[in-house]
Amino acid sequence: MGDINIDNLTESCDRRNLNEMLLGYDLSRLDIPATRITNHSQTSIDFVCTNVKETDINTKVQKTGLSDHTAQLCTIFTDIKNRIPTQTKKRLFNSRTVQELKQNLQAQDWTPVTFENNVETAYQAFSGIFQHSMNIACPPKIIKKKKYPVKNIWDNESQALKLSYLEAMNRELITGHPDDKKETVRRKKLYDQKLKTLRKQYNEDFIVESDNKSKAMWSIINNERKEKSTKNALECLKINEDISDSPQVIANHLNNFFATIADRTLNKTRNGAVPLL
Numbered sequence: 002m003g004d005i006n007i008d009n010l011t012e013s014c015d016r017r018n019l020n021e022m023l024l025g026y027d028l029s030r031l032d033i034p035a036t037r038i039t040n041h042s043q044t045s046i047d048f049v050c051t052n053v054k055e056t057d058i059n060t061k062v063q064k065t066g067l068s069d070h071t072a073q074l075c076t077i078f079t080d081i082k083n084r085i086p087t088q089t090k091k092r093l094f095n096s097r098t099v100q101e102l103k104q105n106l107q108a109q110d111w112t113p114v115t116f117e118n119n120v121e122t123a124y125q126a127f128s129g130i131f132q133h134s135m136n137i138a139c140p141p142k143i144i145k146k147k148k149y150p151v152k153n154i155w156d157n158e159s160q161a162l163k164l165s166y167l168e169a170m171n172r173e174l175i176t177g178h179p180d181d182k183k184e185t186v187r188r189k190k191l192y193d194q195k196l197k198t199l200r201k202q203y204n205e206d207f208i209v210e211s212d213n214k215s216k217a218m219w220s221i222i223n224n225e226r227k228e229k230s231t232k233n234a235l236e237c238l239k240i241n242e243d244i245s246d247s248p249q250v251i252a253n254h255l256n257n258f259f260a261t262i263a264d265r266t267l268n269k270t271r272n273g274a275v276p277l278l
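So this is what it looks like as C-alpha cells:
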C-alpha cells in the first residue's frame, strides 16, 4: 500500500497505533528501507503488510523513476511447482451459430409459453426451450486460456536513456538544485519519447508479421482500451425523472421493471400478438 504518510523509520504514536490495528487483522508491517527520498529527508511512508511468516516473503525497494516514491517488490516463497492451466466454460457465438439458433427457435412449439396463464410457469417453459436451442446451436465448451508472451519492446538505447534519467534524478534528490531538476525533466522526456517510438514500432511489426492482420489490429486496439478503461459499474440510474445512487433502490427498480415487462409481454401474446424472435 502506498503513501500512508506514517513513517516506519521514526517512532511515533501513529506508527504504534497503525501496527496495533494491523495486528487486530493478523497482519504485520514489514521493515523496508526509505521509499521517498529528497535532498533534505528520507522516509518510509509506503508499506508492505502480510499475514504469512516473514521468512516466507522477501521484500525490496527499487528506484524506477515513475514517481518520487520507490517501487516495493514482494516475493512469496511457496511449494507450488506446476501451475494448473486456467480453464473456463463459454459458448462460442459467430454468424453461423447465431443463424442456427434463430432457425431452432423458429421451429420450436411456443404454445406452452403463449397459452400459459401462470407467469412463472410460462417463464420456465420459455427458459427450457431457449436453453435447449442454445445447447444445440452453441453448446458450452471448455476453453483453455492462452498464455501470451510478455511484450519486450525495450532495446539497449532505451535502457541507456533510463539509466541516464535515473542518474539525473538521483543527483536532483541529493542537491535539490533547479538546474539539476531541469536536466532530470529533459532526460525523462527523451526516455518517454523513445518508449513511444519503440511501442509504435512493436505494434507495426506485430501487424506485419501476423497472418490475420485484422485480428492483430483489433488485438492492439482492445489492449489499448483495457489500459485506458475506467470502471463500468452502475453508479446511478434515472428513475421517474429522479437520479438515484442507492444500490437498493436501483435493484428494486430493475427487478420491478423485468417483472412487469414479462407480464406485459405475456398479455400481448394472449391478445394475439406474435412474439418476435
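Numbering-wise (the numbering used here), the sequence shown opens with residue 2 and increments by one.
Glycine included, each C-beta is placed from N, C-alpha and C at the ideal position.
All values derive from a computational prediction rather than experimental measurement.
- Cβ atoms of K163 and E173 stay farther apart than 8 Å, at about 16 Å.
- If only complete runs of 4 or more residues are kept, the region 113-181 shows the alpha helix (DSSP H) at 120-138, 157-176, in order along the chain.
- For the pair D156 and L199, the CB atoms are nearer than the 8 Å cut-off.
- Annotation: N59 is outside any alpha helix (DSSP H); the continuous beta strand (DSSP E) that includes it extends over 58-63.
- If you draw a straight line from the Cα of I7 to the Cα of K61, it is about 19 Å long.
- The beta carbons of R92 and P141 sit about 6 Å from each other, so the pair counts as a contact at 8 Å.
- With a cutoff of 8 Å on beta-carbon distance, L31 and V49 are scored as near each other.
- Residue pairing by DSSP places Q88 opposite K145 in a beta bridge.
- The region 238-255 makes no contact with the region 220-229; the number of CB pairs closer than 8 Å stays below 3.
- The three-state secondary structure of Q109, taken from DSSP, is coil.
- Counting only the Cα atoms, S42 lies some 13 Å from N9.
- In this structure, the straight-line span from the alpha carbon of D57 to that of F78 is close to 5 Å.
- If you look at D243, you'll find it in the beta strand (DSSP E) that goes 243-245.
- N95 is not a Cβ neighbour of A138, given a cutoff of 8 Å.
- I33 sits buried, since 16 or more C-beta atoms from the chains shown fall within 10 Å of its C-beta.
- C-alpha of Y203 to C-alpha of M22: approximately 48 Å in a straight line.
- Between Q107 and I144, the CB-CB gap reaches or exceeds 8 Å.
- DSSP places L74 in the strand class (E or B) of the three-state scheme.
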